[in-house]
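Chemist: Just so you know, the protein sequences line up as chains Y and G, in that order.
Position 334 of the first sequence, counting from 1, maps to 749 under this note's numbering, and the rest follow consecutively.
Position 98 of the second sequence, counting from 1, maps to 1125 under this note's numbering, and the rest follow consecutively.
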Amino acid sequence: MTKNKHSSFTKGLTRQQLIEIDTCTQCGECIRNCPVQEVTGDPSVSPPEKIRMFREFIKATEGLKARLFGTEQIDRQLLEDFTKAVFECTTCGACSKACTVGIDTQRLWPMLRREMVTKGLGPIGPQAEMPEAIAETGNPYRKPSLDRFRTWFPEHIEVSDKAETGYYAGCTGAYEAQPMVRGDVLVLNAIGAPFTMLSHEKEVCCGFPLFITGQHDMLSGLVNDLVEAYKAKGVKTLVCSCPCCVNIMARDWPLFYKKDLPFRIRHITQHVNDALQHQKIRFRKTVPERLIYHDPCYLSRGVGIIEEPRDILKSIPGAELLEFDRNRLDSRCCGAGGAARKVFHENAIKMGRLTIAEAVRKKADRLILSCPACYAKVNEAMKDYPEKILITDIMELMSEVVERVNT
Amino acid sequence: MDMLLLVVSYLVYALFCARLAFHALVWLRAENQLKVHTRTSADSLRIIAITVIDLIFFRKLFISSKMVWLGSWVFHISFFFVFLRHLRFFLEPVPGIVTLLQPVGKIAGYLLAASAAYLFVIRTAQGIRHYVSRSNLFIIALVFVISASGVLMNGFFSPDLVVIKEFMLGILTANPADAPENIIFLVHFLAFLVLIPFLPFHVFTAPAITFESVRREENLFLVMHDKK
């Protein structure tokens, strides 16, 4: 094993995060909720083990012995093991919810990833290509910018040049979960209020994949361009259906924009639930089915959107809403999170199948999702899997059953 | 021997302070200010109340595992009362509250040994499906040795308490007194000296992190909603 000298491991961490690292009791209770543990059973990639390893790095570079006698060399293998462990995580935040002292791991893991990126050890595999892909095509999948809306956007729907409501489709929805974003637009159209969108060249990545993989260099530029573009279109409310996009918009865009945003961020279920309550749309048919709703990690634990999707589903005539054993703030990751799904594909497929299996066991007719990454990965997980269930995005379903109320 | 114990005690204490200071230095030197953007509600009394309940009753551990909670809660509460009971060796005159708590502290001593043994067994028995921290097992084993030797002194091999107090006050005032000639006491005292450098930091930092966690959870709804 080769050994390398390293500089500080704490430069990118906040004071609270440094204290959190010291506060982990190593009790291991978080492991009960960790989806990666559930499918790998490997404690070496567990939350407490990651924290233990990172403590070793801090100790070797900034501990008492390091200060008195100089920085210690850190075993290269240990650095690589840690990097793999922290990038294998789906950053779902279930460990944070279970943490007996309340460490904000959903925030901590991306920051530890960033530390490894600055040390040249991360990101892993295709994640490393994302900055270049985004710079060239506007999306992390390196798909043509021209196809961002062309393949799914309903031709009959008119988008205003300027409007108070803006809609951001997001890369994963536009390229990997088109029924979802198509549903979004159909429902927005049914609501009736004009809405605007950026052009396919200007609607670029929200920055979440870069943020979550610790590659922060481009973030300020991306965020600034997007915010200014929506501002120029007169947007007062920016609506988006992707939980990851919504999360970074609500939590981190103000930080990278360096001031409060000139518009508010709304998840599409909030927007549509309001429209239902204000009777701007109504149901034109019943759905006599048992629906089971999966809470996306970055929507529930991330930004607290929990009841709106349920309110919408419960209001559908004929529908019965079922719950997963782990729901709301305790929901189990479907495997698609944290940009890990493209690298640790097998883990993601296994996690997706756990979601499918439970939905089937509960005799649901339809699995309702509200995240494009969940939508893409759970559909992929169902291929070659004996358990089958109809998977539908919440707005895909709504677009089939609502119509405008003519006043 | 007395001087040796005195020197070792000071060394351990100095090492502990240095360790604490260097951790604090790392915290203070934090440069990144990329904090989560959250709106906060004004209901800080509720946040404090939940934090206090979380800290006193280990609410989250209770939700996670009743079996671990039982051992862990008894362990920490007993440790607290045993600590209070031991203040009689460091304070002169002994405050009334410390005298009053002696019977409770005595029972806590027995419970501490029992809960340490219980935690050691269940942590070890959890096997490969669960995370077992070797440092935690070491600390639990050390606390078991300390508490079991305390129980032995209390029930079977009573040392001269006056000599112990003179010895402890001698350490505090840098005025060495004769060490008690009781082998169980020496085991008890030396095991405690070993424990000090290994004291986990959560003992000091958990209140702040738990408070922040409760605040975050209570304000989660406000990230995307105008009001509760």
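Ideal Cβ placement from N, Cα and C applies to all residues, glycine included.
Fair warning: this is a prediction, and the values are worked out from it, not measured in the lab.
Report the partner residues of Arg-679 (chain Y) according to the DSSP bridge assignment.
Modeler: Taking the first residue of the first sequence as position 1, residue 679 (chain Y) is located at position 264. Bridge partners of Arg-679 (chain Y): Y:Thr-652.
Chemist: Measure the alpha-carbon distance for Ala-644 (chain Y) versus Ser-715 (chain Y) and round it to whole angstroms.
Modeler: Position 229 of the first sequence holds residue 644 (chain Y). Position 300 of the first sequence holds residue 715 (chain Y). Distance between the alpha carbons of Ala-644 (chain Y) and Ser-715 (chain Y): 28 angstroms.
Chemist: Between the alpha carbons of Phe-424 (chain Y) and Ile-518 (chain Y), how many angstroms are there, rounded?
Modeler: For this step, residue 424 (chain Y) is matched to residue 9 along the first sequence. For this step, residue 518 (chain Y) is matched to residue 103 along the first sequence. Their backbone Cα atoms lie some 19 angstroms apart in a straight line.
Chemist: For Gly-636 (chain Y), does the count of other Cβ atoms within 10 angstroms reach 16, so buried, or fall short, so exposed?
Modeler: As a working note, residue 636 (chain Y) is residue 221 in the first sequence. That one is exposed.
Chemist: In angstroms with no decimal places, state the Cα-to-Cα distance between Phe-1043 (chain G) and Ser-1036 (chain G).
Modeler: Residue numbering aside, residue 1043 (chain G) sits at position 16 when the second sequence is read from its first letter. Residue numbering aside, residue 1036 (chain G) sits at position 9 when the second sequence is read from its first letter. Spanning the two alpha carbons is a distance of roughly 11 angstroms.
Chemist: Give a yes or no on whether 9 angstroms exceeds the smallest Cβ distance from Lys-1087 (chain G) to chain Y.
Modeler: Looking up residue 1087 (chain G) in the second sequence gives position 60. Yes, its Cβ sits closer than 9 angstroms to a Cβ of chain Y.
Chemist: If contact is defined by three or more beta carbon pairs under 8 angstroms, each pair taking one atom from either stretch, is the segment 545-554 of chain Y in contact with the segment 620-630 of chain Y?
Modeler: Yes, they touch.
Chemist: Anyone know if the C-beta pair for Gly-1136 (chain G) and Arg-1161 (chain G) falls short of 9 angstroms?
Modeler: On the second sequence, position 109 is the one that residue 1136 (chain G) refers to. On the second sequence, position 134 is the one that residue 1161 (chain G) refers to. Not in contact: Gly-1136 (chain G) and Arg-1161 (chain G) (Cβ atoms no closer than 9 angstroms).
Chemist: Kindly list, in the order they appear in chain Y, the residues whose Cβ is closer than 7 angstroms to that of Pro-1227 (chain G).
Modeler: As a first step, residue 1227 (chain G) is located in the second sequence; it is residue number 200 there, counting from the start. Going along chain Y in sequence order, the residues near Pro-1227 (chain G) (Cβ under 7 angstroms) are Thr-440.
Chemist: Classify Leu-737 (chain Y) as helix, strand or coil using the three-state DSSP reduction.
Modeler: As a working note, residue 737 (chain Y) is residue 322 in the first sequence. Looking at Leu-737 (chain Y) - three-state DSSP - the assignment turns out to be strand.
Chemist: Given Phe-497 (chain Y), which residues of its chain have a CB within under 6 angstroms of its CB, disregarding the five upstream and five downstream residues?
Modeler: Taking the first residue of the first sequence as position 1, residue 497 (chain Y) is located at position 82. So the qualifying residues of the chain are Met-468.
Chemist: Using the Cα positions of Pro-1122 (chain G) and Leu-1196 (chain G), report the straight-line distance between them to the nearest angstrom.
Modeler: Position 95 of the second sequence holds residue 1122 (chain G). Position 169 of the second sequence holds residue 1196 (chain G). Approximately 16 angstroms, taken between the alpha carbons.
Chemist: Measuring CA to CA, which of Y:Ala-513, Y:Gly-629 and Y:His-615 is closest to Arg-747 (chain Y)?
Modeler: What you label residue 747 (chain Y) is simply residue 332 of the first sequence in a count that begins at 1. If we check each option's Cα against that of Arg-747 (chain Y), Y:Ala-513 comes out closest.
Chemist: What separation, rounded to the nearest whole angstrom, lies between the Cα atoms of Ile-1166 (chain G) and Met-595 (chain Y)?
Modeler: The count along the second sequence starts at 1 and reaches residue 1166 (chain G) at position 139. The count along the first sequence starts at 1 and reaches residue 595 (chain Y) at position 180. For Ile-1166 (chain G) and Met-595 (chain Y), the distance between alpha carbons rounds to 52 angstroms.
Chemist: Go through its chain and collect everything with a Cβ distance to Ile-663 (chain Y)'s Cβ below 7 angstroms, but skip five positions before and after it.
Modeler: For the purposes of this step, residue 663 (chain Y) is identified with residue 248 of the first sequence, where counting begins at 1. Here the set comprises Cys-621, Gly-622, Phe-623 and Phe-626.
Chemist: Closest Cβ-Cβ distance between Lys-673 (chain Y) and chain G: below 9 angstroms?
Modeler: Taking the first sequence and counting its residues from 1, the one referred to as residue 673 (chain Y) is at position 258. By this cut-off, Lys-673 (chain Y) is not an interface position.
Chemist: Kindly give me the distance between the Cβ atoms of Ala-543 (chain Y) and Thr-580 (chain Y), rounded to whole angstroms, as I take these residues to be in contact under 8 angstroms.
Modeler: Along the first sequence, one-based indexing puts residue 543 (chain Y) at 128. Along the first sequence, one-based indexing puts residue 580 (chain Y) at 165. Wrong, their Cβ atoms sit about 37 angstroms apart, outside the cutoff.
Chemist: Whole-angstrom Cβ separation of Ile-783 (chain Y) and Leu-744 (chain Y), contact assumed at under 8 angstroms?
Modeler: As a first step, residue 783 (chain Y) must be located in the first sequence, where it is residue number 368. As a first step, residue 744 (chain Y) must be located in the first sequence, where it is residue number 329. Not really, about 18 angstroms apart at Cβ, beyond 8 angstroms.
Chemist: Which same chain residues, not among the five before or five after Leu-1220 (chain G), have their C-beta less than 8 angstroms away from its C-beta?
Modeler: As a working mapping, residue 1220 (chain G) is identified with position 193 in the second sequence. The residues are Val-1035, Ser-1036 and Val-1039.
Chemist: Taking only three categories from DSSP, how would you classify Gly-1177 (chain G)?
Modeler: Your numbering for residue 1177 (chain G) matches position 150 in the second sequence. In the structure shown, Gly-1177 (chain G) sits in a helix (DSSP, three-state: H, G or I).
Chemist: Would the beta-carbon of Val-1095 (chain G) fall within 9 angstroms of that of Ile-1149 (chain G)?
Modeler: Mapped onto the second sequence, residue 1095 (chain G) falls at position 68. Mapped onto the second sequence, residue 1149 (chain G) falls at position 122. Yes.
Chemist: Could you name the residues of the same chain whose beta carbon sits closer than 7 angstroms to that of Gln-630 (chain Y), not counting the 5 residues immediately before and after it, in chain order?
Modeler: As a first step, residue 630 (chain Y) must be located in the first sequence, where it is residue number 215. Only Val-532, Pro-538, Met-545 and Pro-546 meet the Cβ criterion.
Chemist: Beta-carbon separation of Thr-1232 (chain G) and Ile-434 (chain Y) under 9 angstroms?
Modeler: What you label residue 1232 (chain G) is simply residue 205 of the second sequence in a count that begins at 1. What you label residue 434 (chain Y) is simply residue 19 of the first sequence in a count that begins at 1. Cβ atoms of Thr-1232 (chain G) and Ile-434 (chain Y): closer than 9 angstroms.
Chemist: List the whole-angstrom C-beta distance separating Phe-564 (chain Y) from Arg-528 (chain Y), where the pair is believed to meet the contact cut-off of C-beta under 8 angstroms.
Modeler: As a first step, residue 564 (chain Y) is located in the first sequence; it is residue number 149 there, counting from the start. As a first step, residue 528 (chain Y) is located in the first sequence; it is residue number 113 there, counting from the start. With a Cβ gap of about 31 angstroms, Phe-564 (chain Y) and Arg-528 (chain Y) do not count as contacting.
Chemist: Go through the segment 1092-1122 of chain G residue by residue and report every complete run of the beta strand (DSSP E) that reaches 3 residues or more, in order.
Modeler: none
Chemist: Answer yes or no: does any C-beta atom of chain C fall closer than 9 angstroms to that of Phe-1248 (chain G)?
Modeler: In the structure shown, chain C cannot be found, because the protein chains are Y and G.
Chemist: Give me whichever residues DSSP pairs with Val-817 (chain Y) in a beta bridge.
Modeler: For this step, residue 817 (chain Y) is matched to residue 402 along the first sequence. Answer is Y:Phe-698, bridged to Val-817 (chain Y).
Chemist: Taking the straight line between their C-alpha atoms, what separation do you get for Ile-1155 (chain G) and Tyr-800 (chain Y)?
Modeler: Indexing the second sequence from 1 puts residue 1155 (chain G) at position 128. Indexing the first sequence from 1 puts residue 800 (chain Y) at position 385. With a pLDDT of only 49 at Ile-1155 (chain G), under 50, the local geometry of the prediction cannot be trusted, and no value is derived from it.
Chemist: Check whether the segment 505-512 of chain Y touches the segment 440-448 of chain Y, counting contact only when three or more Cβ pairs, one atom from each stretch, lie closer than 8 angstroms.
Modeler: yes
Chemist: Can you confirm whether the segment 1205-1218 of chain G touches the segment 1172-1179 of chain G when touching is taken to mean that 3 or more C-beta pairs between the two stretches lie within less than 8 angstroms?
Modeler: Flag = yes, the segment 1172-1179 of chain G and the segment 1205-1218 of chain G touch.
Chemist: Given Glu-616 (chain Y), which residues of its chain have a CB within under 8 angstroms of its CB, disregarding the five upstream and five downstream residues?
Modeler: Taking the first sequence and counting its residues from 1, one reaches residue 616 (chain Y) at position 201. Hits under 8 angstroms: Gly-553 and Ser-560.
Chemist: Does the Cβ-Cβ distance between Val-654 (chain Y) and Tyr-590 (chain Y) come in under 9 angstroms?
Modeler: The residue you call residue 654 (chain Y) lines up with position 239 of the first sequence. The residue you call residue 590 (chain Y) lines up with position 175 of the first sequence. Result no, Cβ atoms of Val-654 (chain Y) and Tyr-590 (chain Y) do not sit closer than 9 angstroms.
Chemist: List the whole-angstrom C-beta distance separating Gly-598 (chain Y) from Met-810 (chain Y), where the pair is believed to meet the contact cut-off of C-beta under 8 angstroms.
Modeler: Your numbering for residue 598 (chain Y) matches position 183 in the first sequence. Your numbering for residue 810 (chain Y) matches position 395 in the first sequence. The Cβ separation is near 4 angstroms, so the contact holds.
Chemist: Locate the beta strand (DSSP E) running through Ile-446 (chain Y), then write down its first and last residues.
Modeler: Sequence index remark: in the first sequence, residue 446 (chain Y) carries index 31 (1-based). From DSSP, Ile-446 (chain Y) is part of no beta strand (DSSP E); its letter is neither H nor E.
Chemist: For the alpha helix (DSSP H) that Thr-476 (chain Y) lies in, which residues bound it at each end?
Modeler: On the first sequence, position 61 is the one that residue 476 (chain Y) refers to. 462-477 is the span of the alpha helix (DSSP H), which, as asked, contains Thr-476 (chain Y).
Chemist: Can we say the segment 722-742 of chain Y touches the segment 699-708 of chain Y, given the rule of at least three CB pairs closer than 8 angstroms?
Modeler: yes
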